Amino acid sequence: MQESVFLVHMTASMGSRLFLLAESAGMMSEGYAWLVTTGLSTLLDPVDAKVMDSMEGVLGVKPYVPKSVELEGFKSRWKKNFNSENLFGLWAYDTVWAIAMAVERAGIVHSRFLKQNSSNRSVDLAALGISEMGPRLLKSILNTTFDGLSGKFQLVKGEMEPSAFEIFNVVGRSERVIGYWTQKGGLSQSLDSSSKISHSNSKTKLKQPIWPGGAIQQPKKLRIGVPVRSGFREFMEVKWHQQSNEPIVLGFSAEVFLAVHDILPFPLPYEFIPFMNDSRESAGTYDDLLRQIKHQKFDAVVGDTTIVAYRSSYVDFTLPYSESGVTMVVLMKRDERDNMWIFLKPLSPKLWLVTGVAFFVTGLAVWVLEHRTNTEFRGTPEQQLGTVMWFSFSTLVFAHRERPENNLTKFVLIIWIFVVLIISQSYTASLASMLTVQRMHPAFVDVTEIQRNNYSVGHQKDSFVKDFLKKELDFNDTMLREYSTPEEFHDALSSGPHKGGVAAIFDEIPYVRRFLDKYCSKFQMVGPTYQTDGFGFAFPLNSPLVSHFSRAILNVTEDHDKMEVIKRKSFGREITCEDRGPETSSGGLRLSSFAGLFLISGVASISSLLVYIIRFLRSNYPASNTMNEQSMWLRILEVAKRFDQKDPSVHHLRRTESRVHPVTGPESIGASPETGNVHEMTSNEGAEDVGENQNHDNLTSGNSGTNFIASNACRYCCP
1 MQESVFLVHM TASMGSRLFL LAESAGMMSE GYAWLVTTGL STLLDPVDAK
51 VMDSMEGVLG VKPYVPKSVE LEGFKSRWKK NFNSENLFGL WAYDTVWAIA
101 MAVERAGIVH SRFLKQNSSN RSVDLAALGI SEMGPRLLKS ILNTTFDGLS
151 GKFQLVKGEM EPSAFEIFNV VGRSERVIGY WTQKGGLSQS LDSSSKISHS
201 NSKTKLKQPI WPGGAIQQPK KLRIGVPVRS GFREFMEVKW HQQSNEPIVL
251 GFSAEVFLAV HDILPFPLPY EFIPFMNDSR ESAGTYDDLL RQIKHQKFDA
301 VVGDTTIVAY RSSYVDFTLP YSESGVTMVV LMKRDERDNM WIFLKPLSPK
351 LWLVTGVAFF VTGLAVWVLE HRTNTEFRGT PEQQLGTVMW FSFSTLVFAH
401 RERPENNLTK FVLIIWIFVV LIISQSYTAS LASMLTVQRM HPAFVDVTEI
451 QRNNYSVGHQ KDSFVKDFLK KELDFNDTML REYSTPEEFH DALSSGPHKG
501 GVAAIFDEIP YVRRFLDKYC SKFQMVGPTY QTDGFGFAFP LNSPLVSHFS
551 RAILNVTEDH DKMEVIKRKS FGREITCEDR GPETSSGGLR LSSFAGLFLI
601 SGVASISSLL VYIIRFLRSN YPASNTMNEQ SMWLRILEVA KRFDQKDPSV
651 HHLRRTESRV HPVTGPESIG ASPETGNVHE MTSNEGAEDV GENQNHDNLT
701 SGNSGTNFIA SNACRYCCP
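Sequential numbering from 1 applies to the sequence shown in our numbering.
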């Protein structure tokens with residue numbers, strides 16, 4: 001017959017009738033357990049002997065009354081006039097003593113009563129007077145403490161302080177105490193002198209009870225169903241004892257259950273029952289396992305069972321003890337960057353564009369600042385445009401041969417060369433990384449891409465993920481593949497959808513992390529995470545054990561040290577994958593990384609140009625007496641013409657020695673027979689400069705320009 005447990009909460013008179021009827025119905029035999037509460041257990045002493053015989057094997061709980069000389073004397077005096085005492089009589093006796101002691105301490109002798117407004121009705125309780133000494137008496141009662149017949153009398157917030165309870169077993173016609181319980185301490189076989197016990201929830205702390213029918217063993221253990229896994233055994237594994245052939249349950253979920261069970265406030269015997277067939281293989285899916293609770297095959301399920309909404313219709317879950325969520329794992333492929341355009345990859349397209357514009361703008365700014373004073377920035381329009389482009393881009397390798405003469409130009413170039421240095425160094429480092437470091441990228445990053453190509457995907461066998469893929473992500477049955485072990489995951493992903501494998505594996509995050517611990521260099525977790533509520537333990541609907549286990553789970557999971565020990569025992573040392581290449585997430589260096597540099601360079605160039613233009617206009621703007629005679633267009637042309645002219649205030653002579661082998665002294669003269677013809681190396685620009693100087697300085701001699709060049713050239717060939 002199935003074992004049954006009954007909890008009886010009623011008065012002694014009704015309880016007596018109940019147990020007589022239960023005995024006649026054969027329910028006080030082996031296979032039944034009866035528990036009685038305080039209302040019945042405190043009145044067992046005056047119960048008829050026939051009733052006591054019918055209660056053989058009943059367990060009861062009642063408040064503990066410490067033995068004392070005063071109590072024994074009271075019992076002897078009481079029995080002279082009455083049949084037997086009970087706990088309620090002891091409490092009443094102590095209450096009378098407490099009031100008497102409080103009255104004595106309050107010093108109440110004569111007390112007046114304050115009359116209240118009353119009606120004309122003969123029965124009006126509100127018309128009763130209120131004693132003036134009432135508040136003093138109440139305070140005295142609350143402060144009264146003494147050792148009474150029922151134990152220590154002390155009021156805490158107006159109520160009796162919770163006492164210890166004794167657990168007794170009805171054997172024959174007497175009560176046999178098998179242990180004690182207190183709110184703070186738990187269970188124990190005995191109380192010390194201070195009535196304090198150490199905390200325990202183990203049944204070994206109680207004496208062995210005798211159950212109805214003379215049975216010594218407990219009527220029932222909690223039957224816990226556990227899944228039988230072929231893969232991911234770090235979470236749940238069932239082994240068999242070589243001698244007793246009893247199941248041994250290991251793994252993360254089992255370790256969490258044991259830690260939770262150890263801190264329950266009551267003993268809870270249990271046994272693990274693997275959910276398997278005759279071949280010791282899994283007897284079904286996790287849903288099938290959970291339905292065994294509904295069919296009363298199991299009292300609970302412990303394992304890596306995910307809390308899902310539809311499962312809560314036939315079981316109740318505890319709070320989760322592990323995070324969860326469904327995600328996607330894909331193969332990592334080499335990033336094919338060894339192509340002829342790889343040199344463009346280090347910089348993003350926007351950065352390339354802005355850099356090119358910055359080169360041109362800087363060259364244009366330098367040309368504006370140097371055009372009127374530096375002969376190297378003069379010539380035909382084609383020559384000047386070439387100079388602008390050459391000068392700005394030659395700063396990349398610091399190969400520009402034009403020497404700036406304007407201080408504003410030097411200021412612009414100082415800032416620009418600093419910008420060029422940083423960009424060139426960053427470009428070199430990024431390109432070297434692309435050429436030398438093996439970079440990987442996911443084969444697929446989106447579920448829609450897989451569905452669009454009708455590729456197959458995998459999931460763990462017997463998992464709810466299969467229904468999730470069909471209902472939530474709209475995968476067809478033909479696109480789904482079942483796998484059991486991490487090795488099967490590896491082979492399927494490595495083969496790919498074109499060679500009989502899959503494009504991706506969908507599974508819960510705890511399993512994915514264990515998989516990546518072994519194969520982190522080849523696979524990656526990508527895409528969104530579809531949230532679930534994590535792993536939990538399952539019980540029957542409305543089971544009172546759910547709340548106790550949930551509170552215990554919170555205590556365990558919030559103890560980080562304990563959880564770390566459990567994880568290390570189940571999963572081993574955490575593995576960090578160091579051989580995975582950097583993930584490909586960008587197309588090169590971004591414009592935002594250098595925006596500050598370009599801003600500084602632009603401000604420097606614009607401010608220098610503004611200063612130069614203001615100076616130029618102040619010196620070369622047409623006189624006011626001619627402004628009225630000219631149109632605005634003519635005045636602009638006049639300003640442009642003056643800007644294109646050589647600055648007459650600057651006497652410039654281009655040095656004629658070679659920049660590679662400069663002529664620095666007499667020794668060089670002897671070494672080169674052509675040094676006597678230095679004046680023949682003067683460029684057309686030099687002749688133009690001399691001609692302009694002659695016009696502006698009003699030189700009267702026709703040969704003065706030639707003499708001026710010759711006399712200055714002699715400085716390079718004469719000591």
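Glycine is no exception: its CB is placed at the ideal position from the N, C-alpha and C atoms.
Just so you know, these numbers come straight off a predicted model, no measurement behind them.
| Which ranges would you report for the beta strand (DSSP E) in the stretch 307-361 if only whole runs of at least 3 residues count? | For the stretch 307-361, whole beta strand (DSSP E) runs of length 3 or above, ordered along the chain, are 326-334.
| message | Measuring only the C-alpha atoms, how far is Thr95 from Gly213? | response | Between the alpha carbons of Thr95 and Gly213 lies a distance of about 41 Å.
| message | At 4 residues or longer, what runs of the alpha helix (DSSP H) sit wholly inside the stretch 435-488? | response | 447-452, 465-471
| field | Exposure of Thr145, with buried meaning 16 or more beta-carbon neighbours within 10 Å | value | exposed
| query | Count the other CB atoms within 10 Å of the CB of Phe537; is the residue buried (16 or more) or exposed (fewer)? | reply | Around the beta carbon of Phe537, a 10 Å sphere encloses 16 or more other beta carbons of the protein chains shown; the residue is thus reported as buried.
| field | Three-way DSSP call (helix, strand, coil) for Tyr539 in this model | value | Note that residue 539 is Phe in the sequence shown, not Tyr. Phe539 falls in the strand class under three-state DSSP.
| query | Do you know how far the Cα of Ser150 is from the Cα of Val65? | reply | Cα to Cα, the separation comes out at about 5 Å.
| field | Cβ pair count under 8 Å reaching 3, the stretch 303-323 against the stretch 480-494 | value | No: the two stretches stay apart, fewer than three of their Cβ pairs being nearer than 8 Å.
| task | Would you kindly work out how many angstroms separate the C-alpha atoms of Met133 and Ala98, rounded to a whole number? | result | So the alpha carbons of these two residues sit roughly 17 Å apart.
| Counting Cβ pairs closer than 8 Å, one from the stretch 501-509 and one from the stretch 453-463, do we hit at least three? | Three or more beta-carbon pairs separated by less than 8 Å link the stretch 501-509 to the stretch 453-463, which places the two stretches in contact.
| Counting only runs that start and end within the stretch 10-63, where is the beta strand (DSSP E) found for 3 or more residues in a row? | Complete beta strand (DSSP E) runs here, min 3: 32-36, 59-63.
| request: May I have the straight-line CA-CA distance separating Phe418 from Ser430, to the nearest angstrom? | output: 19 Å
| message | Quick test of the definition: if touching needs 3 or more C-beta pairs under 8 Å, does the stretch 51-60 touch the stretch 21-38? | response | yes
| said: On the DSSP bridge list, what partners appear for Asn169? | reply: Leu59, Arg176
| request: State the beta-bridge partners of Tyr93 as determined by DSSP. | output: The partner list for Tyr93 (beta bridge, DSSP) is empty, contrary to what the question assumes.
| request: In the DSSP assignment, find the unbroken alpha helix (DSSP H) run with Met236 in it and report its ends. | output: Element bounds for Met236: n/a, residue is neither H nor E.
| query | Whose C-beta lies closer than 7 Å to the C-beta of Leu289 among residues of the same chain, with five residues either side of it excluded? | reply | Closer than 7 Å at the Cβ level, and outside the excluded window around Leu289, lie Gly225, Pro227, Phe275, Val301.
| Just how far apart, CA to CA, sit Gln154 and Glu161? | 6 Å
| field | Inside the stretch 486-528 only - alpha helix (DSSP H) runs reaching at least 4 residues | value | 486-495, 509-519
| query | DSSP three-state call for Lys152: helix, strand or coil? | reply | strand
| field | Beta-carbon separation (whole angstroms), Ala443 vs Val330, contact threshold 8 Å | value | 5 Å
| field | Alpha-carbon spacing of Ile167 relative to Lys207, whole angstroms | value | 10 Å
| query | Assuming Tyr286 contacts Ser13 under a Cβ cut-off of 8 Å, what Cβ separation, rounded to an integer in Å, is found between them? | reply | The pair is not a contact, with the Cβ atoms about 51 Å apart (cut-off 8 Å).
| said: Using DSSP's beta-bridge definition, name the partner residues of Glu159. | reply: Bridge partners of Glu159: Val156.
| query | Where does Leu421 land, buried or exposed, given buried means 16+ other C-beta within 10 angstroms? | reply | Exposed.
| query | Tell me which same chain residues have a C-beta within less than 6 Å of the C-beta of Leu7, skipping the five on either side of it? | reply | Leu35
| task | Closer than 7 Å by C-beta to Ser426: which residues in its own chain qualify, once you throw out the five before and the five after it? Chain order, please. | result | Cβ within range, chain order: Leu589.
| request: Leaving aside the five residues before and after Arg173 along the sequence, list all residues of the same chain whose C-beta is less than 8 Å from its C-beta, in chain order. | output: Ala49, Met52, Asp53
| Collapsed DSSP secondary structure at Gly363 in the structure displayed | helix
| Helix, strand or coil for Met563 per DSSP? | helix
| said: Quick check on Asp287: does DSSP put it in helix, strand or coil? | reply: Residue state, collapsed to three classes: helix.
| Opposing strand residues paired with Phe549 [DSSP bridges] | Paired residue(s): none; Phe549 is not in a bridge.
| task | Please classify Leu206: does DSSP put it in a helix, a strand, or coil? | result | Leu206 falls in the coil class under three-state DSSP.
| request: Starting from the C-beta of His261, find all residues in its chain whose C-beta is less than 7 Å away, skip the five residues before and the five after it, and write them out in chain order. | output: Leu268
| request: May I ask which residues mark the beginning and end of the beta strand (DSSP E) holding Ser631? | output: According to the DSSP assignment, Ser631 belongs to no beta strand (DSSP E), since it is labelled neither H nor E.
| field | Endpoints, alpha helix (DSSP H) assigned at Ser394 | value | 381-394
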